[in-house]
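These notes concern the structure reproduced below.
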Amino acid sequence: GKCTVREKALSGVLHAAAHLQTGPLQHVVQAHVIGLLREGRVDPIPWWQEGWALDMGTLCEAAKCAALARFEAVAASPSFLSAPEQLVCELLRDDRLVAPSEEFIFESLLRWARAHQLARLPDCCIAQIRFARLLRSPPLGTSDSGIEHFIGSVPELR
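Read in order, the letters of the sequence shown correspond to residues 1 to 158 in my numbering.
In structure tokens form, the structure reads like this:
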């Protein structure tokens, strides 16, 4: 048969298909979403989370690849700010992450931490920060390039 579904309803259809264990419908919806992810037409973060929740590895990987390739846009989205720690750490850990600079990645991470009202960056995130690249130029608009000043100027690193 044939079915027409609005893009806004895809998540609900995918959940229903998974719950009802209708494999063919799951595969069709998942393939359509993966196409939308590759075209950059949908936000990858919610679909990555959907993939985790539904144990759909192919969807997770497609959403992760889309997030890595378009990190600049993803980092500006509300879904990134509300993303769970595990997802953010996994993004930062991947060498395929495409961003304009190390500073951009770090500033995005700080915005994420502040949105979660964290007093300190999670260890899994700190471990992914390339401080040597970050400190090539004076940190965060200061004239001091010392690591102690930098760490002292960012409450989430203390």
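By construction, the Cβ of each residue, glycine as well, lies at the ideal position given by its N, Cα and C atoms.
Computed from a predicted model, the values in this text were never measured in an experiment.
**Request:** Mind the definition here: the region 38-46 touches the region 73-82 only if three or more C-beta pairs lie below 8 angstroms; say whether that holds.
**Result:** yes
**Request:** Less than 8 angstroms between the CB atoms is what I'm expecting for L54 and V33, so what's the real figure, rounded?
**Result:** Not a contact, Cβ separation roughly 11 angstroms.
**Message:** Just to confirm my understanding: we take D95, look at its own chain, exclude 5 residues before and 5 after, and list those with CB closer than 6 angstroms. What are they?
**Reply:** Taken in chain order, the list of residues that qualify is empty.
**Request:** Name the residue from P100, G57, D123 whose alpha carbon lies nearest to the alpha carbon of V88.
**Result:** Between V88 and the set P100, G57, D123, the nearest pair of CA atoms involves D123.
**Prompt:** Below 8 angstroms between beta carbons: does that hold for L81 and Q128?
**Reply:** no
**Message:** So, with DSSP's three-state summary, where would you put D94?
**Reply:** coil
**Message:** At the level of alpha carbons, what is the spacing between R6 and A63?
**Reply:** 19 angstroms
**Prompt:** In this structure, does DSSP put A76 in helix, strand or coil?
**Reply:** coil
**Prompt:** Taking DSSP as the reference, what is the three-state secondary structure of G57?
**Reply:** helix
**Message:** Considering only the alpha carbon of each residue, which of F106, R41, G40, L14 lies closest to V28?
**Reply:** Minimum Cα distance to V28 is reached at L14.
**Asked** Do the CB positions of L37 and A66 come within less than 8 angstroms of each other?
**Response** yes
**Message:** Tell me which residues share the same chain as A99 and place their Cβ nearer than 7 angstroms to its Cβ, disregarding the 5 neighbours each side in the sequence.
**Reply:** F71, E72, I105
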